[in-house]
Each structure stands twice: as structure tokens, then as C-alpha cells.
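J.: Same order as they appear, the protein sequences are chains X and P. With the numbering used here, the residue at position 18 of the first sequence is 18, and numbering never jumps. With the numbering used here, the residue at position 300 of the second sequence is 300, and numbering never jumps. Every residue gets a Cβ at the ideal spot worked out from N, C-alpha and C, and that includes glycine.
Protein chains: 2
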Amino acid sequence: MKAFDIAVLTTGDELLNGELADTNTGTIATALSHYGYRLRCSLSVPDQEKEIEAALSYLTQHVQVVIITGGLGSTGDDLTARAAARATGQRLAINEQALEMVHSWFRSRNRQMEPSNERQALLPINARPIQNPLGTAPGFRLQHGACELFFLPGVPNEMQAMFEKTVLPSLQQLHPPSAARQQRSFKLFGLPEPKIDALIPYQKLPEGVEVAFALDYPLVLVKLRADGEDADQKLDQAEALLQLELGEHIMARGQETPEGNVGRLLINANLSLSLAESCTGGMIASMLTSQPGASAFLERAAVTYADSAKLDWLQVPRPLLQQHGAVSEQCARAMAIGLRHATGTDLALSITGIAGPDGGTAEKPVGTVFLALASPEGVHVKGYQFNGDRAKVQRMSAFMALEWLRRFALRLQDNFRKG
Amino acid sequence: MKAFDIAVLTTGDELLNGELADTNTGTIATALSHYGYRLRCSLSVPDQEKEIEAALSYLTQHVQVVIITGGLGSTGDDLTARAAARATGQRLAINEQALEMVHSWFRSRNRQMEPSNERQALLPINARPIQNPLGTAPGFRLQHGACELFFLPGVPNEMQAMFEKTVLPSLQQLHPPSAARQQRSFKLFGLPEPKIDALIPYQKLPEGVEVAFALDYPLVLVKLRADGEDADQKLDQAEALLQLELGEHIMARGQETPEGNVGRLLINANLSLSLAESCTGGMIASMLTSQPGASAFLERAAVTYADSAKLDWLQVPRPLLQQHGAVSEQCARAMAIGLRHATGTDLALSITGIAGPDGGTAEKPVGTVFLALASPEGVHVKGYQFNGDRAKVQRMSAFMALEWLRRFALRLQDNFRKG
């Protein structure tokens with residue numbers, strides 16, 4: 001089975017003027033990678049018939065599969081079907097099967113069809129429609145020379161459902177994945193990329209294992225890759241070496257997230273948690289509760305922006321606030337102690353700082369952040385000076401808090417094992 | 001001045017296997033658009049010398065400016081300079097000016113340079129280095145035929161700083177922007193795209209005004225565009241018509257965000273706010289506090305996951321919780337009343353619901369959400385049934401809460417004007 005190439009083409013002016021980030025490429029890329037396929041390139045062009053046509057003409061000559069998203073809606077800027085017809089030298093016609101799909105979508109919801117929705121069934125003459133279970137726009141597939149084209153709507157959940165239900169199975173039938181390149185990825189926190197690079201034991205890695213890096217602030221992603229029959233075995237060895245040198249910095253592996261891992265560790269350790277966030281404004285709580293099942297460990301969280309909230313819910317003494325200020329080691333400590341007293345959770349974590357852009361002083365510049373963790377072992381407090389703008393300071397603060405929780409739960413686990 | 005084309009090329013395996021979303025294209029696209037330029041296409045290829053070389057060869061033949069990000073780091077998978085040398089037929093050499101930039105970066109921070117950092121000065125022989133104020137990797141520019149190439153690192157904040165400081169001014173010198181296409185964009189909430197399309201008075205729009213749509217769940221983006229000398233005037237007319245038909249659904253315009261607008265409206269109306277979030281887990285607070293100056297209106301927020309938090313901080317009566325459950329109209333009402341009593345803020349907004357995937361019942365399926373707003377006017381409560389997975393239910397809930405706050409503040413403003 002010879003190797004073959006897949007490309008993604010996303011269409012939409014909004015992807016090229018900065019209004020919207022393209023998430024479809026990432027969704028498709030993740031799924032392809034999961035099933036052993038590799039994406040050769042991704043391309044974005046504006047909602048213009050000529051641009052879409054030019055991109056399709058180029059791609060059909062260079063790859064064997066093109067997945068196109070966007071431009072199948074009912075409004076006037078939805079021009080993909082016309083561009084597809086031109087690029088493949090076909091005329092457009094109402095596709096009866098597609099028309100019935102549009103009609104039945106409205107019927108099944110007792111909703112009235114707008115006349116503009118009929119346009120969604122106007123497809124290149126040789127197109128085979130693809131059912132859209134979540135929206136009105138049918139997709140379609142076309143063959144052109146040696147290239148197979150799949151056209152999907154741009155709305156992310158519709159695109160994803162159709163990709164998984166129709167495109168992926170067709171792909172597996174057309175081109176069963178060859179002995180795929182294996183990859184393991186690791187999300188590291190707390191060391192800059194060159195430091196991590198210097199700690200990787202390149203000399204000891206099995207032959208053929210490649211190392212690659214990427215940044216997802218404040219995480220550094222390290223990826224180990226290998227090809228061939230013994231790829232798994234080589235990667236096992238490489239992973240063990242990475243674990244030895246850098247294990248303590250690994251917050252998550254593969255598709256795991258740091259917040260998901262922290263949640264699981266807290267649940268496994270049977271630790272309940274409460275949070276008092278000031279400078280992060282709810283970001284830590286929001287990250288932890290984006291994961292299903294967060295109620296198993298998160299008792300509550302407070303975003304205590306005003307002093308009154310710190311006095312009242314966290315019982316921070318007023319003289320302490322007056323003497324040291326809300327952004328201080330003393331206040332962070334008092335917040336954690338007061339929170340733990342109020343909630344009775346095993347762990348109470350507090351964070352207070354200056355995220356900026358305003359509020360900084362010579363003594364406490366923007367980026368000054370204090371973290372405190374109250375636990376049955378006592379209270380641990382530490383001050384940090386983080387760099388960057390408001391978004392970066394908030395994000396770094398939130399990850400540092402997650403890292404404190406991760407290390408606490410891990411240490412408990414280790415002590416338990418040793419004990 | 002004839003029109004010219006700009007392309008962005010992003011490099012990195014992580015962009016094509018779904019591990020990382022490409023944010024650089026969006027950043028560059030937004031800035032170009034702001035300064036009157038249009039991006040012709042964006043392309044992503046893996047960290048492979050041949051792929052990068054092929055993409056550069058193609059782009060230099062089709063556009064006049066290429067902005068390349070990624071692959072300038074110090075690790076082994078940073079291959080962009082080599083690919084650039086091959087694509088432009090040049091050899092690589094240590095660039096003394098670039099080497100001094102790397103050295104001085106480490107010197108100024110009293111940090112030790114890793115030997116691998118020297119590689120970052122190995123550039124095509126005709127390259128002119130671009131200073132990187134935030135990291136070790138210098139960028140560079142190259143001319144090839146009629147095409148100007150700008151190479152920047154992939155780390156977003158480094159890329160952005162160098163783009164703004166060096167690339168944009170060079171671009172303005174090389175190709176002053178022509179009478180650019182004007183665009184106005186609007187973020188609408190509460191109506192699906194076909195409903196909005198049906199309400200747009202196409203017949204009344206001035207000739208030459210185009211309408212385009214995009215989705216950023218749960219928002220629908222509507223864009224009005226026009227070319228030429230009188231573009232501004234035409235867009236004024238079109239905007240007035242849109243305002244007339246759909247004004248109440250517009251949550252934000254242009255670069256504004258819904259959360260930024262809500263914050264500004266609350267500050268202007270001199271309204272203080274407290275939040276009690278259950279199913280959204282801090283998302284509303286996190287959105288509002290991502291904006292600078294949120295402390296001017298947000299007194300505090302509570303993520304009251306456990307019943308104990310609702311009993312204690314929000315004074316929800318225990319019998320009410322037992323009788324109606326935490327996800328109920330009664331509980332939402334009691335949370336808002338209790339919160340307002342506890343905090344003394346003008347507005348107290350509460351939200352409770354089932355975000356899923358677990359916790360749904362026949363009577364209260366996943367997506368059941370209750371919102372309540374306590375104000376000097378009394379308490380308003382309403383139940384919703386939202387569709388989708390956990391992320392969608394949480395996001396829809398958060399936007400609905402923002403919409404309630406926006407409408408309350410606007411109505412107050414209108415009453416004040418009328419009174």
C-alpha cells in the first residue's frame with residue numbers, strides 16, 4: 001500500500017481577517033492522527049469562488065484526498081458548491097437526494113423551511129450527498145481524477161459529526177492506514193524549552209526516535225516519534241528515559257489535560273478542594289469544572305475581587321488587609337486559612353495578585369502573584385513575579401495553582417505507597 | 001499602485017496533528033486587516049525541510065509577500081532557515097549580526113547560553129536578521145525575485161512583537177495600503193443564522209454592500225463590506241438598517257467582545273455585580289475578569305458546586321434544596337436573593353443547571369439551566385433547555401447570563417434617558 005496524502009481546505013473570509021480562529025483543521029487533524037493518518041497540509045482561502053476554485057485545482061493535482069469545510073450554508077456568501085463544479089468541470093443541478101435531506105430536517109423539527117435553504121441542494125452533477133444530522137446543509141463527495149473530495153459545512157459540530165460518520169469510514173475503506181508513525185506527547189510545566197532540550201538524553205534514545213517541541217503557553221509540548229514495526233517498543237524505552245530525566249515536570253500525556261489530571265488525582269486521593277481566586281477571576285475553577293465530574297472534589301470556589309468579599313467569606317482580618325494590602329503573602333495565607341475554615345475542605349487554595357495592565361507599583365509590579373495552600377499539614381505560601389500581559393499572567397497563575405495541587409496529591413500518593 | 005497579495009505560512013507538526021491550534025495566522029490576519037491589507041491565503045505544513053521548501057517555492061511564485069512563522073528555535077526540529085536557503089538557492093552561514101543578537105539576549109538576562117542557541121544565527125547568506133525583543137531566536141527577511149519573505153518564530157508573543165515592530169512598518173513602506181475594502185462586523189446573539197438572514201433588508205442596502213456570515217457559537221457574526229471612495233458612507237447606511245431590524249440582538253461590534261461591553265455598560269450604569277455560578281463553574285466570572293478594570297463592577301463571584309456552599313454563602317434554605325433540588329427555579333431564585341443579601345450589590349445573578357454528560361434525568365435532562373437576577377426591581381427567574389455537550393451548554397449558559405446583564409443595564413439607560 002503506497003503512502004498517500006490528505007489535505008484540508010477551510011474557506012471563509014473570517015479565517016483570514018482574524019475574526020474567527022479556524023478550529024476545524026485542528027479537529028480533523030486530531031481525528032486523522034488518532035486513526036493513523038497524517039495531514040500533509042492545510043490551506044485557508046476567502047469566501048470567493050475563484051479562490052476556492054484555484055485552491056481545489058491545485059490540491060486535486062497534489063494530494064489524493066481533500067477535505068473541504070465551509071461555504072455550504074444558505075446565504076449568499078456560500079459559494080463552495082459552485083467553485084467545486086468549476087474546478088471539476090461539472091454543471092450544477094438540484095440534487096434530489098440532498099433536497100430531501102433538507103426537507104426532512106425541517107419536517108422532523110416542525111420548523112418552516114426558508115426558501116434560501118433550497119439552494120443547499122444545488123450541487124455539482126456527479127456529487128453524492130452526505131447526510132448532516134445536526135444542521136440543514138448537506139455535505140457531498142466528488143471524485144476528480146485520482147483525488148477524492150469531501151465537502152462539509154463549516155459549523156464545527158456539524159462538520160465533526162459528518163467527518164466521523166461518513167468521511168473517516170470512507171477513508172478507511174479507500175486507504176487503510178499503513179503501519180502508522182507512532183507518537184507520544186507530553187505536556188511539561190516549569191522549565192523553558194532549551195532547558196528541557198538540554199535534559200533530554202539524546203545519546204541514549206533508541207535509533208529512529210525523533211524528538212519535537214511545541215509551546216502552548218505556559219506548557220512545553222515534547223513529542224517522541226518513531227516509525228516501523230518496533231515503533232511501540234522504541235517509544236516505550238524513550239518514554240522511560242524521558243520520565244527519568246523530566247518526569248516531575250510532566251503535567252499530562254497525550255490527549256490528557258493538566259486540569260483533567262489534577263481532578264483525577266484529587267478524586268483518587270479523596271481530597272476535597274475549595275478555591276479563593278482574586279487575580280485569576282475564576283479561571284482555575286472554570287478550567288477544573290470544564291471536566292465532567294468536577295463536583296466529586298470541588299466543594300466551591302470564590303472569586304473575591306473586592307476587599308469586602310475577603311473580609312466576609314474568607315474572614316481575612318481587616319487590620320491585615322490595611323497593613324499589608326490585598327496582594328501580599330499575609331493576605332494569601334489568611335485567605336487560604338479562612339477559606340478552609342469556612343468550607344471544611346481538605347485543601348483550600350488561594351491566589352491574589354496584580355494581573356494588570358493597571359494596579360502595579362514599584363514595590364509590587366504587574367505580575368506579582370501570591371499563592372497559598374492550606375491543608376491538614378499546615379499552610380504553604382509563596383510569591384511569584386510572572387511576565388507578560390494580563391492574559392499571560394492569569395494563565396501562568398492558573399497553571400501554577402494546578403501544579404501545586406498536582407504535586408500535593410502526588411506526594412500524598414507516594415507517602416501512602418511508602419508508608 | 002497595483003493590488004498585491006500576502007500569504008502566511010505556518011510550520012509545525014503540532015498544527016497538523018491537532019495538538020495545537022494555530023493562533024499566529026489569526027493574529028497576523030487581524031493586524032493586516034486593521035491596517036488595510038488583505039490576506040490572500042494561509043498554509044500550514046509539517047516541520048519537514050522538504051515540505052517547507054515546497055511551500056516556499058510555491059508561494060514565492062504566486063504572492064508578493066510571505067510571512068512565515070515557526071521553526072527558528074534551537075532544537076533539532078527547527079528547520080526553517082535550511083528550507084529557506086534551499087528554496088531561494090542560497091547557502092547557510094553564521095550571520096554575525098544575528099549571533100550578536102542571541103549573545104546579547106543572554107547577557108542582558110545574566111543567563112547562560114546553551115550551545116544549541118548558536119544554531120539560531122545560521123541563516124541564508126543574504127538574510128537580514130530581525131531583532132526578537134522577547135526571545136532568543138532572531139527572525140530574518142529575504143528577497144527572492146519579486147517576493148519579500150519575513151521569517152518569524154512560532155512563539156505567539158515573540159512573533160507578534162516582531163510582526164508589529166518590523167514586518168508591518170516594512171510592509172507599509174513597500175506597499176502602502178490602497179483604498180482598502182471597508183468592513184463592519186457585528187456579533188449577534190439569540191437568533192439562528194437563517195432567521196437573521198431573513199431579517200436583513202437586502203433590497204434596501206446601498207448597491208455594492210456585501211453581507212457575510214460566520215458562526216462563533218453561540219454568536220452569529222454578520223459582516224457588511226464595501227469598496228471604493230464612498231465605502232464608509234454606504235456602510236453607515238447599511239449599519240443603520242441592520243440596527244433597525246436586528247439592533248437588539250447585537251452584543252458587540254468590530255473588535256469589541258460581549259463581556260467587554262457588559263462590563264462597560266455596568267460601569268456606566270454604576271451597577272455593582274455579584275455572581276453565583278453552579279453549572280458554569282466560574283466561566284462567567286472568568287470571562288468578565290479577562291477584561292482589565294473588572295474590579296470596578298464585580299464585587300465577587302461564587303462557584304457554589306456543593307449544596308453546603310449554597311446553604312452557607314447563599315443562605316439557600318435547606319428544605320427548599322431538599323424539596324426542589326439544586327437545579328430548580330426555586331433554587332436559582334433563592335441563590336440570587338441570598339447572594340444579593342450577602343453582598344449588598346445592586347445586581348446578583350445566579351445560575352444552576354445540568355451541564356452533563358452525567359446528572360440528567362427524564363424530568364431534568366442535560367441542558368436544563370435556570371437563571372435568576374436579583375435587583376432593586378425584584379427577582380427575575382427563567383428556565384432554559386440548551387442543546388449540545390458540556391462545553392456547549394456551559395458556553396450558551398454563560399452568554400445567556402451576559403445577555404441578561406446587558407439587557408438590564410441597557411433598559412436602565414433607556415429609562416434614564418426617557419425619564
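Going by C-alpha to C-alpha distance, which of Ile94(X), Lys187(X), Ile337(X) sits closest to Phe140(X)?
T.: Cα-wise, what sits closest to Phe140(X) is Ile94(X).
J.: Since I believe Phe189(X) is in contact with Ala84(X) (beta carbons under 8 Å), could you give me their beta-carbon distance rounded to a whole number of angstroms?
T.: About 45 Å; that fails the 8 Å criterion.
J.: I'd like to confirm the pairing. Which residues does DSSP put opposite Pro124(P) in its beta bridges?
T.: Leu92(P)
J.: Would you mind telling me which residues of chain X sit closer than 7 Å to Gly338(P), beta carbon to beta carbon, in chain order?
T.: Those do not exist, as Gly338(P) stays about 13 Å from chain X at its closest Cβ, beyond 7 Å.
J.: If we call anything under 7 Å between Cβ atoms a contact, is Lys187(P) one with Val209(P)?
T.: no
J.: Should Arg107(P) be flagged as near chain X, meaning a C-beta pair shorter than 7 Å?
T.: no
J.: Looking only at its chain, what residues have a beta carbon closer than 6 Å to the beta carbon of Tyr384(P), apart from the 5 residues adjacent to it on each side?
T.: Val369
J.: Where does Gly353(P) fall in DSSP's three states?
T.: strand
J.: Are any of the Cβ atoms in chain X nearer than 7 Å to that of Asn268(P)?
T.: no
J.: Residues of the region 283-312 of chain X with a CB closer than 8 Å to any CB of chain P: list them in chain order, please.
T.: Here the close residues are Met283, Ile284, Ala285, Ser286, Leu288, Thr289, Ser290, Pro292, Gly293, Ala294, Ser295, Leu298, Glu299, Arg300, Ala301, Ala302, Val303, Thr304, Tyr305, Ala306, Ser308, Ala309, Asp312.
J.: So, for Asp47(X): in the same chain, excluding its five sequence neighbours on each side, which residues have a beta-carbon less than 7 Å away from its beta-carbon?
T.: Thr11, Gly12, Asp13, Gly71, Asp77, Leu79
J.: Given a threshold of 16 other Cβ atoms within 10 Å of its Cβ, counted over all protein chains shown, does Thr361(P) qualify as buried or as exposed?
T.: So Thr361(P) counts as exposed.
J.: List, from N- to C-terminal side, the alpha helix (DSSP H) runs of 4 residues or more that fit wholly inside the region 193-222 of chain P.
T.: Correct list: 193-199.
J.: Between Val303(X) and Asn24(P), what straight-line distance do the alpha-carbon atoms span, to the nearest angstrom?
T.: The straight-line gap from Cα to Cα measures roughly 32 Å.
J.: Note the first and the last residue of the continuous beta strand (DSSP E) segment covering His62(P).
T.: Segment 49-62 is the alpha helix (DSSP H) holding His62(P); no beta strand (DSSP E) there.
J.: For the alpha helix (DSSP H) containing Arg181(P), list its first residue and its last residue.
T.: It is not in any alpha helix (DSSP H) - Arg181(P) carries neither H nor E in the DSSP assignment.
J.: Where does the unbroken beta strand (DSSP E) through Gly506(X) begin, and where does it stop?
T.: The shown model of chain X, from 1 to 419, leaves out residue 506(X), and the question about it has no answer.
J.: So if DSSP puts Leu16(P) in a beta bridge, which residue, or which two residues, is it bridged to?
T.: Beta-bridge pairing links Leu16(P) to no other residue.
J.: To the nearest whole angstrom, what separates the beta carbons of Gln90(P) and Asp5(P), a pair I think is in contact under 8 Å?
T.: The distance from the Cβ of Gln90(P) to that of Asp5(P) is about 24 Å, inconsistent with a contact at the 8 Å cut-off.
J.: From the DSSP output, read off the bridge partner residues of Val381(X).
T.: Ala372(X)
J.: Check whether the Cβ atoms of Thr136(P) and Val102(P) sit closer than 7 Å, and answer yes or no.
T.: yes
J.: For Arg395(P), count neighbouring Cβ atoms within 10 angstroms of its own Cβ and tell me buried if that reaches 16, exposed if not.
T.: buried
J.: Can the beta-carbon of Ala409(X) be found less than 7 Å from the beta-carbon of Ala374(X)?
T.: no
J.: Does the count of Cβ pairs from the region 264-271 of chain P and the region 290-297 of chain P closer than 8 Å reach three?
T.: yes
J.: If you run the structure through DSSP and keep just helix, strand and coil, what is Glu256(X)?
T.: coil
J.: Going straight from the alpha carbon of Ser104(P) to that of Gly36(X), what length do you get?
T.: 44 Å
J.: So, at 7 Å on beta carbons, what are the nonlocal neighbours of Arg390(P) in its own chain, with the 5 sequence-adjacent residues on each side left out?
T.: Ala355, Gly356, Pro357
J.: Let me know the secondary structure DSSP gives Met400(P) once reduced to three states.
T.: helix
J.: Tell me where the alpha helix (DSSP H) around His324(P) begins and ends.
T.: Note, His324(P): alpha helix (DSSP H), 318-324.
J.: Asn157(X) to Ile28(X), Cα distance in whole Å?
T.: 12 Å
J.: What does Glu148(X) pair with, by DSSP beta-bridge criteria?
T.: Val65(X), Gln143(X)
J.: Grab me the residues of Val262(X)'s own chain with a C-beta within less than 6 Å of its C-beta, minus the 5 sequence neighbours each way, in chain order.
T.: Leu402, Leu405, Arg406
J.: Measure the C-alpha to C-alpha separation of Arg411(P) and Thr289(X) and round it to an integer number of angstroms.
T.: The alpha-carbon of Arg411(P) is positioned some 33 Å away from that of Thr289(X).
J.: So, Val316(X) versus Ala334(X), is the Cβ gap smaller than 7 Å?
T.: yes
J.: Reducing DSSP to helix, strand and coil, say where Leu171(P) ends up.
T.: Here Leu171(P) carries a helix assignment [DSSP, helix/strand/coil].
J.: Got a sec: is the Cβ-Cβ distance from Pro115(P) to anything in chain X below 7 Å?
T.: Not one chain X Cβ lies under 7 Å of Pro115(P).
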